[in-house]
Amino acid sequence: MGYRELAFWDFSVYWFKVMKTKPYKQDTSPLGYAVGVTLDRFIKSNQADFPYATGELSQLLRDIALATKIVSREISRAGLGQITGAFGQTNVQGEEQQKLDVMANIRFTRALTKGGEVCAVVSEEDDEVIDLQNKTGKYVVAIDPLDGSSNIDVNVSIGTIFSIYRRVTPVGSPIQPEDVLQKGSEQVAAGYVLYGSSTMLVFTTGKGVNGFTHEQSLGEFFLSHKDIMAPATGQIYSINDGITPSVDKGILDYLTDCKQKGRTARYIGSLVADFHRNLLKGGIYMYPATVANPRGKIRLLYEANALAFIVEQAGGQATDGRNRILDIEPLSLHQRTPFFIGSSELVAELSSYSGL
Ligand code: AHG
Ligand code: MN
Ligand code: MN
Numbered sequence: 396m397g398y399r400e401l402a403f404w405d406f407s408v409y410w411f412k413v414m415k416t417k418p419y420k421q422d423t424s425p426l427g428y429a430v431g432v433t434l435d436r437f438i439k440s441n442q443a444d445f446p447y448a449t450g451e452l453s454q455l456l457r458d459i460a461l462a463t464k465i466v467s468r469e470i471s472r473a474g475l476g477q478i479t480g481a482f483g484q485t486n487v488q489g490e491e492q493q494k495l496d497v498m499a500n501i502r503f504t505r506a507l508t509k510g511g512e513v514c515a516v517v518s519e520e521d522d523e524v525i526d527l528q529n530k531t532g533k534y535v536v537a538i539d540p541l542d543g544s545s546n547i548d549v550n551v552s553i554g555t556i557f558s559i560y561r562r563v564t565p566v567g568s569p570i571q572p573e574d575v576l577q578k579g580s581e582q583v584a585a586g587y588v589l590y591g592s593s594t595m596l597v598f599t600t601g602k603g604v605n606g607f608t609h610e611q612s613l614g615e616f617f618l619s620h621k622d623i624m625a626p627a628t629g630q631i632y633s634i635n636d637g638i639t640p641s642v643d644k645g646i647l648d649y650l651t652d653c654k655q656k657g658r659t660a661r662y663i664g665s666l667v668a669d670f671h672r673n674l675l676k677g678g679i680y681m682y683p684a685t686v687a688n689p690r691g692k693i694r695l696l697y698e699a700n701a702l703a704f705i706v707e708q709a710g711g712q713a714t715d716g717r718n719r720i721l722d723i724e725p726l727s728l729h730q731r732t733p734f735f736i737g738s739s740e741l742v743a744e745l746s747s748y749s750g751l
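Residue numbers (this note's numbering): 396 to 751.
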């Protein structure tokens, strides 16, 4: 039907179909309070900042976040179920595995397998590298699925620590030692989860550090700690006092000086929890070499490197007493290192003591 053939009433139909619009204005009344930025939205809107920005790393972080929610749920009901206590086996380091160590390892490894972005996993709970058989996987993950195992059965904060690397050999070829034994400075992302009074996921992709708190009723992580910066100095020093009879004199002198300066000792025994507190409040965490652990206790690949990357991104420092942690060339999967991490001035101050 042509324009000329339209009767008057036909025009009126067209007229009433014209819509009016108005620009959206966010409601600022108490009813319209802001719920915040979800992890998903944060990842999406910061996609361009991610190394390689192909979307795979974003998906990998989402996979980890999902496993985190499952593990968090299991942990929060640990005392009610059949999931506390020893599993009945020891890991490669001769440590007794707890059931939650094993459960967390299963959950994270499964999430990393299903996602398809990861080709290999190094875990505290597995002697060898796990080849996930993902032909297209470009990433390698090193993980401490459950950190602070000695605190599981007593309702004290525990955590998860992870490092993400790009594989260096061609995608689809067999995994090689150089894919998994990379220096910490090669990490493309790293993070930790703290299962504390709330569950928090803190991570970096090399553009600062951001923290997300899990909102249980919505089942979502929300940005709660934007652009975390470690205070340059602080009052807290964290060390297991029980090991001090067998540490180097430099450490003992440093501890004496901390006490004389009226500083405060805080030590939980879960690295993630001790690190997180000091990151926010200002402080130093120390696990030096001892007679029992002459190369230190903290594992380079899946404990020290991730936290070192995060602390540097937040303006702090991490060393083994002499070298920057991120510059250490790893030689084996479960390698240990003396570990000093936290506020930049405190770590620099410690490094000036002789005998480390
Ligand atoms: P994990 O539970 O993963 O084996 O790690 C335990 C680590 C770390 O979380 C903590 O800082 C340290 O061991 C505690 O060691 P001590 O009990 O010797 O203080
Ligand atoms: Mn640990
Ligand atoms: Mn562990």
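Cβ atoms here follow ideal geometry from the backbone N, Cα and C, with glycine treated the same way.
Predicted model, so just to flag it, every value in this text is computed and none were measured.
Query                                                                                                                                                                                   : Result
Return the CA-CA distance between Ala537 and Arg658, expressed in angstroms with no decimal places.                                                                                     : 34 Å
What are the boundary residues of the beta strand (DSSP E) that Phe557 is part of?                                                                                                      : Ile553 to Arg561
Curious, which full-length alpha helix (DSSP H) runs of at least 4 residues does the segment 660-684 contain?                                                                           : 666-676
Check whether the segment 728-742 touches the segment 704-712, counting contact only when three or more Cβ pairs, one atom from each stretch, lie closer than 8 Å.                      : yes
Thinking just about the alpha-carbon of each residue, which of Gly567, Pro446 and His609 is nearest to the one in Tyr560?                                                               : Pro446
Is it buried or exposed for Met624, if we count other Cβ within 10 angstroms and need 16 for buried?                                                                                    : exposed
If you measure from the CB of Leu696, is any heavy atom of ligand 3 nearer than 7 Å?                                                                                                    : no
What does a CB cutoff of less than 6 Å around Ile634 pick up in its chain, not counting 5 residues either side in sequence?                                                             : Met681
Under the rule that 16 or more other beta-carbon atoms within 10 Å means buried, what is Leu728, buried or exposed?                                                                     : buried
State the DSSP-derived secondary structure class of Val604, mapped to helix, strand or coil.                                                                                            : strand
Mapping DSSP to helix, strand and coil, what is Arg505?                                                                                                                                 : helix
Taking Gly737 as part of the beta strand (DSSP E), name the residues at either end of that continuous run.                                                                              : Phe734 to Gly737
For Ile646, which residues in the same chain have their Cβ closer than 6 Å to its Cβ, ignoring the five residues on either side in sequence?                                            : Pro683
Can you give the Cα-Cα distance for Thr685 and Ser552, rounded to whole angstroms?                                                                                                      : 25 Å
Excluding the five sequence neighbours on either side, which residues of its own chain have a C-beta within less than 6 Å of the C-beta of Ala699, listed in chain order?               : Ile693, Ile720, Thr732 and Phe734
What three-state label does DSSP hand Ser593 in the structure shown?                                                                                                                    : coil
Can you tell me where the alpha helix (DSSP H) with Thr651 in it begins and where it stops?                                                                                             : Lys644 to Gln655
From which residue to which residue does the alpha helix (DSSP H) around Gln708 run?                                                                                                    : Asn700 to Gln708
Taking the C-alpha atoms as reference points, what is the distance between Gly579 and Gln454?                                                                                           : 22 Å
Near Ser619, which residues of its chain fall below 8 Å by C-beta distance, leaving aside the five closest residues on each side in sequence?                                           : Gly431, Met595, Gly606, Phe607 and Thr608
Please work out which residues of its chain come closer than 8 Å, Cβ to Cβ, to Ala627, disregarding the five sequence neighbours upstream and downstream, and give them in chain order. : Gly677, Gly710, Ser738, Ser739 and Glu740
Name the residue from Gln477, Glu573 and Ile556 whose alpha carbon lies nearest to the alpha carbon of Asp548.                                                                          : Gln477
Asp429 lies in the beta strand (DSSP E); which residues open and close that run?                                                                                                        : In the sequence as displayed, the identity of residue 429 is Ala instead of Asp. Counting along the chain, Ala429 falls outside any beta strand (DSSP E), and DSSP gives it neither H nor E.
Check Asp542 in the structure and name its three-state DSSP category.                                                                                                                   : strand
By alpha-carbon positions, which one of Tyr534, Asp526, Pro569 and Gln492 ends up nearest to Leu541?                                                                                    : Gln492
Take Glu523 as the anchor and find which of Glu724, Lys602, Val742 and Gln730 has the nearest alpha-carbon.                                                                             : Gln730
Could you tell me if Val516 is buried or exposed, where buried requires 16 or more neighbouring beta carbons within 10 angstroms of its beta carbon?                                    : buried
Considering only their Cβ atoms, is the gap separating Cys514 from Arg562 smaller than 8 Å?                                                                                             : yes
By the three-class DSSP mapping on this structure, what secondary structure does Thr463 have?                                                                                           : helix
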